[in-house]
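So the number in the numbering used here is just where the residue sits in the sequence shown, counting from 1, plus 37.
Heads up, the beta-carbon is just placed ideally off N, CA and C, and yes, glycines get one too.
A short worksheet on the structure shown next.
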Amino acid sequence: MNNLKYVILGIFLLLIQLLISGYINIWPMLYIAVFPLLVITLPYTCNHIVSILTAFCFGLLVDILSDGVLGLNAAAIVAIAYFRPLLFKVAVSKTTLENTIEITQRTIGTTQFLLVTALSYAIFFTIYIALDSWGYFSFIYTIARFLLNIIINTAVALLLWKSINSQIFR
């Protein structure tokens, strides 16, 4: 496993996330989160504890460097890392997982990559929105926010991944 690729990917995603959260405020209901792509694309063979610790450190770094609630992104991305092995077992065939090292659209297939990304964002925004709206709960607003964030972030993540995949993961 070439760790340098993931360090470069992490720095790149961190910079993009900080630019988006610092300068682009589209709508209060919408939070663009590109940094979960790092955890989603970690190798399937990556140790579970290592992926959780990586997610925690990366999420905490995003929380510290952006002006959000400290620990909110960290908790949400750790949930992705925790459920990551289960997501891959559900969404990707066993033979594909045994024969692949890197998790990319090319190695596991576009449909499976889309499913893993959408499920990962569903986990992320379940935790994120639950913690962010603690004490304030409007069912329709929360469901609309949840669905909007999953759809938009999955689309943004796939578009971003297509552009950086050819540069980092050849």
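Closer than 8 Å: is that where the CB of residue i sits relative to any heavy atom of the ligand ZN?
{"i": "Ser200", "result": "Absence of the ligand ZN from the depicted structure is noted, as is the absence of any ligand whatsoever, leaving it without description."}
Could you tell me whether the Cβ atoms of residue i and residue j are closer together than 9 Å?
{"i": "Leu139", "j": "Pro80", "result": "Here the sequence assigns Glu to residue 139, which means Leu is not the residue at that position. Cβ atoms of Glu139 and Pro80: closer than 9 Å."}
{"i": "Arg143", "j": "Asn202", "result": "yes"}
{"i": "Asn186", "j": "Leu56", "result": "no"}
{"i": "Gly108", "j": "Leu97", "result": "yes"}
{"i": "Val76", "j": "Ile117", "result": "yes"}
{"i": "Ala70", "j": "Tyr178", "result": "no"}
{"i": "Thr133", "j": "Gln149", "result": "yes"}
{"i": "Thr163", "j": "Phe176", "result": "no"}
{"i": "Tyr43", "j": "Thr82", "result": "no"}
Identify, in the order they occur along the chain, each residue of the same chain with its Cβ nearer than 6 Å to the Cβ of residue i, setting aside the five sequence neighbours on each side.
{"i": "Leu124", "result": "Val153 and Leu156"}
{"i": "Ala194", "result": "Leu74 and Thr154"}
{"i": "Val235", "result": "Coverage of the chain is limited to positions 38 through 207, which leaves residue 235 absent and any answer about it impossible."}
{"i": "His85", "result": "none"}
For residue i, does the three-state DSSP call read helix, strand or coil?
{"i": "Leu67", "result": "strand"}
{"i": "Asp104", "result": "coil"}
{"i": "Cys83", "result": "coil"}
{"i": "Tyr43", "result": "helix"}
{"i": "Tyr173", "result": "coil"}
{"i": "Gly59", "result": "helix"}
{"i": "Gly96", "result": "helix"}
{"i": "Ile164", "result": "helix"}
{"i": "Phe72", "result": "coil"}
{"i": "Thr148", "result": "helix"}
{"i": "Thr91", "result": "helix"}
{"i": "Thr78", "result": "coil"}
Going along the chain, which residues of its own chain have a beta-carbon closer than 7 Å to the beta-carbon of residue i, five neighbours each way excluded?
{"i": "Gly59", "result": "Ser103"}
{"i": "Val115", "result": "Ile89, Ala92, Phe93 and Gly96"}
How far does the alpha helix (DSSP H) with residue i in it reach, from first residue to last?
{"i": "Thr132", "result": "Lys131 to Glu135"}
{"i": "Phe125", "result": "Leu109 to Ala128"}
{"i": "Leu140", "result": "First, the amino acid is wrong: residue 140 is Ile here, not Leu. Careful: Ile140 lies outside any alpha helix (DSSP H) and carries neither H nor E."}
Counting only the same chain and skipping the five closest in sequence on each side, list residues whose C-beta sits under 8 Å from that of residue i.
{"i": "Leu52", "result": "none"}
{"i": "Ile189", "result": "Leu67 and Ile69"}
Closest Cβ-Cβ distance between residue i and chain B: below 9 Å?
{"i": "Leu123", "result": "This model lacks chain B altogether, as it is built from one protein chain only."}
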